[in-house]
Amino acid sequence: MEEIKCKYCGKKLGEIEGIAEIKCPRCKKINKFNTVEAQEAQGD
């Protein structure tokens, strides 16, 4: 699992594994994450 933060305001949005689109409750912007690609690049 990887900790994810809003790319716009820095608020912690949670810890996920996989692909997600999360709307930040603070700044109301959509954040897209893909932790699968990040793990494959590291060789995990």
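So for the sequence shown, our numbering puts the first residue at 7; every next one is plus one.
Just so it is clear, CB atoms sit at the ideal spot from N, CA and C, and this is done for glycine as well.
On a predicted model such as this, the values are computed, not experimentally measured, just so you know.
If you look at residue 20, you'll find it in the beta strand (DSSP E) that goes 18-22. Secondary structure note for residue 34: it is in no beta strand (DSSP E), with a DSSP letter that is neither H nor E.
Ranked by Cα distance from residue 18, the options 41, 48, 39 and 30 are led by 30.
Distance from the CA atom of residue 13 to the CA atom of residue 49, rounded to whole angstroms, is 24 angstroms. In this structure, residue 24 sits near residue 42, with a CB-CB distance shorter than 7 angstroms.
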